[in-house]
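Contents: one structure, followed by commentary.
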Amino acid sequence: MFGENSSPRGGRPTGGDIAELDDRGGSAPRIALVTHDFGEPGGVATVVRTFYDALSRRASFRPEIVSLATSRGDPQSVSLRSPRTWFRGVTTADAERDGYHYRRVGSVFSEIEPCRYWPRRALTELLETFDLVQVIGGLAAWARPLLATTRPLAVQFATTAARERATRLREETGARGAWTRAMTRMVGPMEMKAIRNADLLLVENIEMRELCEAHASGRVLLLCPPVDSDRFRCRPDPLGGGDFILSVGRFSDPRKAPRTLFEAYARARSLVEGLPRLVLAGDPPTAEDMAHARSLGIADAIELKGRVSDDDLGELYRSCQAFVLASDQEGLGIVLLEAMASGAPVITTATEGGKVVVEPDMTGLLVPVGDASRLAEAIARVATEPELRASLANGGLERVRERFSVTGFAEELEAAYRALLPSSRRP
């Protein structure tokens, strides 16, 4: 059962029935959705919106978003470079993004990564006004500053710092590489402390479930965020689309492996005459990576869309011949689910997330991480085999509807929360 274990931090009752609370006239429990840098684009912000929308549709809960600082120039933070902030302390402020209101909370010395995971009074006092705290972050370390609260704590995360930064740790050298390695070593124990002390751990892939089950004292649940079918609708013709190949992501991030994508696309052009152009949506690749594309002779066949709205992104998914994700690391890969929900056949590398989302040759094509040759072959197959495109598109759409629905996600999340919340509010 969810709530049979006592709280690892003590002082926080678990179990009980929310209905008792409402029957006595109390309002629905307030859920703090705590994340990092909600004002910036990316997969984590998408997951936060998914949680918020799913909980908002159910009268049982009142979700509110709290965003923790990551930027060294964050105005709510205490900065090493600004002595006047040392005496002011951490502050909070209201903000809004894309119609979502949220509360910004600064950190102490945010220039240094591990300091962002320190507890701070302003955050603890804010979270004590909620009934349950749900952390949503790329790393479990984002739960570390929340361990000071007495409220039930649920943690959703994608991967560990060491896994997330594997590419950078291999490629960065000199002072920058030494700094990244030092920060990663310091973050590791913080992640493990959060994993050991959380009441509920929500993970997106098998690797993280195994890690948590080996160390956690709370419940571990494999629960992947769903896709909002109102935002990402299926195209009417599974054989439709065809004048471009699409990839979506922050291509300035080396984990997205833009060079692997460019090399695969260049090889696929040698295999398929008249291969459609490659469209990239999201933060563009670095100048160095685009220089690599020019060296391959494909720069003129690449179109950079930059950041696009959800409506425009949905139209890109519906209009593409195929969706390709060449990442070296993905905890889940929300863009894969969005593409599948939109009826696009998907090709992806076998990352932790890719292996969860894609059933090989049924809901998409799965190729080894970093293998540009295999990725090129997969792109060529989808480009030249319309029956395969239709089969993958239909299989992907069915999988999203069966395993990644908003309704199913909300029901599982509500059941997990009910097991954590006490039968009455703490005074």
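According to the numbering used here, the sequence shown is numbered sequentially starting from 753.
Glycine included, each C-beta is placed from N, C-alpha and C at the ideal position.
(message) Per DSSP, what are the beta-bridge partners of residue 857 in this structure?
(response) Paired residues: 820, 844.
(request) Inspect the beta-carbon positions of residue 1009 and residue 1078 and report whether they are closer than 9 Å. (result) One thing to note: residue 1009 has its Cβ within 9 Å of the Cβ of residue 1078.
(message) I'd like to confirm the pairing. Which residues does DSSP put opposite residue 1032 in its beta bridges?
(response) Paired residues: 999, 1056.
(request) Mind checking who residue 977 pairs with in its DSSP beta bridge? (result) DSSP output for residue 977 lists no bridge partner at all.
(request) Below 8 Å CB to CB, which residues in the same chain sit around residue 874 once its five sequence neighbours on both sides are set aside? (result) If we look at residue 874 and ignore the five residues flanking it on each side, its Cβ neighbours are 841, 842, 843, 844, 857, 858.
(message) Here's the rule: buried if 16 or more other CB atoms are within 10 angstroms of the residue's CB, otherwise exposed. What is residue 893?
(response) Buried: at least 16 other Cβ atoms inside 10 Å.
(message) Tell me which residues share the same chain as residue 917 and place their Cβ nearer than 6 Å to its Cβ, disregarding the 5 neighbours each side in the sequence.
(response) For residue 917, where only same-chain residues beyond five positions count, the Cβ hits under 6 Å are 936.
(request) Please say whether residue 1119 and residue 806 have beta carbons closer to each other than 9 Å? (result) Their beta carbons are not under 9 Å apart, which means residue 806 does not touch residue 1119 by this criterion.
(request) Provide the residue(s) that pair with residue 783 in DSSP beta bridges, ordered along the chain. (result) Answer is 815, 884.
(request) Excluding the 5 residues preceding and the 5 following residue 1050 in the sequence, name in chain order all residues of the same chain whose CB lies nearer than 8 Å to its CB. (result) Same-chain partners within the cutoff: 1014, 1017, 1018, 1021, 1030.
(request) Find the nearest neighbour of residue 978 within the set 1171, 788, 804, judged by alpha-carbon distance. (result) Checking every option, the nearest Cα to that of residue 978 belongs to 804.
(request) Determine the extent of the alpha helix (DSSP H) in which residue 958 is found, giving its start and end residues. (result) Per DSSP, residue 958 belongs to the alpha helix (DSSP H) from 958-967.
(request) Just list the alpha helix (DSSP H) runs in the region 861-933, keeping only unbroken ones of 4 residues or longer that don't cross its boundaries, in chain order. (result) Secondary structure in the region 861-933: the alpha helix (DSSP H) runs of 4 residues or longer, each lying completely within the stretch, are 873-879, 913-916, 918-923 in chain order.
(message) I need the DSSP call for residue 1074, collapsed to helix, strand or coil.
(response) Here DSSP, grouped into helix, strand and coil, assigns residue 1074 to strand.
(message) My output table needs one value for residue 947: the three-state DSSP class, helix, strand or coil.
(response) In the structure shown, residue 947 sits in a helix (DSSP, three-state: H, G or I).
(request) Determine the closest residue to residue 1062 out of 1090, 1082, 1053, with distance taken between C-alpha atoms. (result) Nearest of 1090, 1082, 1053 to residue 1062, Cα basis: 1090.
(request) Return the first residue and the last residue of the alpha helix (DSSP H) that residue 1110 is part of. (result) Counting along the chain, residue 1110 falls outside any alpha helix (DSSP H), and DSSP gives it neither H nor E.
(request) Would you kindly work out how many angstroms separate the C-alpha atoms of residue 902 and residue 879, rounded to a whole number? (result) Their Cα atoms are separated by approximately 9 Å.
(request) Please classify residue 1101: does DSSP put it in a helix, a strand, or coil? (result) Strand at residue 1101.
(message) Check whether the region 1070-1087 and the region 1096-1105 touch, using three or more Cβ-Cβ pairs below 8 Å as the test.
(response) Note that the region 1070-1087 touches the region 1096-1105; at least 3 beta-carbon pairs, one per stretch, sit closer than 8 Å.
(request) State buried or exposed for residue 1174, treating a residue as buried only when at least 16 other CB atoms are found within 10 Å of its CB. (result) The Cβ neighbour count for residue 1174, taken over all protein chains shown within 10 Å, is at least 16; the residue is labelled buried.
(message) Using only CA atoms, which one of 824, 801, 1105 lies nearest to residue 867?
(response) The shortest Cα separation from residue 867 among 824, 801, 1105 belongs to 824.
(request) Closer than 6 Å by C-beta to residue 1028: which residues in its own chain qualify, once you throw out the five before and the five after it? Chain order, please. (result) The beta carbon of residue 1028 sits closer than 6 Å to those of 995, 996, 997, 1073, all from its chain and outside the five residues before and after it, given in chain order.
(message) Measuring CB atoms only, is the region 779-789 touching the region 876-891, in the sense that at least three cross pairs come out at less than 8 Å?
(response) They touch, by the three-pair rule.
(message) Give me the residue from 816, 799, 933 with the minimum Cα distance to residue 1180.
(response) Examination of residue 1180 is not possible in this model, given that the chain is present from 753 through 1179 alone.
(request) Per DSSP, which residues does residue 788 bridge with? Please list them. (result) For residue 788, which the question treats as bridged, DSSP gives the partners 820.
(message) Classify residue 943: buried if its beta carbon has 16 or more other beta carbons within 10 angstroms, exposed otherwise.
(response) So residue 943 ends up on the buried side.
(message) Please classify residue 1047 as buried or exposed, where buried requires at least 16 neighbouring CB atoms within 10 angstroms.
(response) Answer is exposed; the Cβ neighbour count stays below 16.
(request) Answer with buried or exposed for residue 846, where buried requires no fewer than 16 other C-beta atoms within 10 angstroms of its C-beta. (result) Classification of residue 846: exposed, given that the 10 Å Cβ count is below 16.
(request) With a 10 Å radius around its C-beta and 16 neighbouring C-beta atoms as the bar for buried, classify residue 883 as buried or exposed. (result) Residue 883 is buried by the Cβ-count criterion.
(request) Would you mind sorting residue 1039 into buried or exposed? The rule is 16 or more other CB atoms within 10 Å of its CB. (result) Under a 10 Å Cβ-count criterion, residue 1039 is classified as exposed, with fewer than 16 other Cβ atoms of the shown protein chains found around its own Cβ.
(request) Using only alpha-carbon positions, find the residue among 1131, 1170, 836, 812 that is nearest to residue 1023. (result) Looking at the Cα atoms, 1131 is the closest of the given residues.
(message) If I measure Cβ to Cβ from residue 900 and keep anything under 6 Å in the same chain, skipping five residues before and after, which residues do I get?
(response) Taken in chain order, the residues that qualify are 871, 876.
(request) Alpha carbon to alpha carbon, how far is residue 1114 from residue 1143? Give it in angstroms, no decimals. (result) So the two alpha carbons sit approximately 7 Å from each other.
(message) Would the region 808-825 count as touching the region 1153-1172 if we require 3 or more Cβ pairs under 8 Å?
(response) Proximity of the region 808-825 to the region 1153-1172 meets the contact definition, three or more beta-carbon pairs being nearer than 8 Å.
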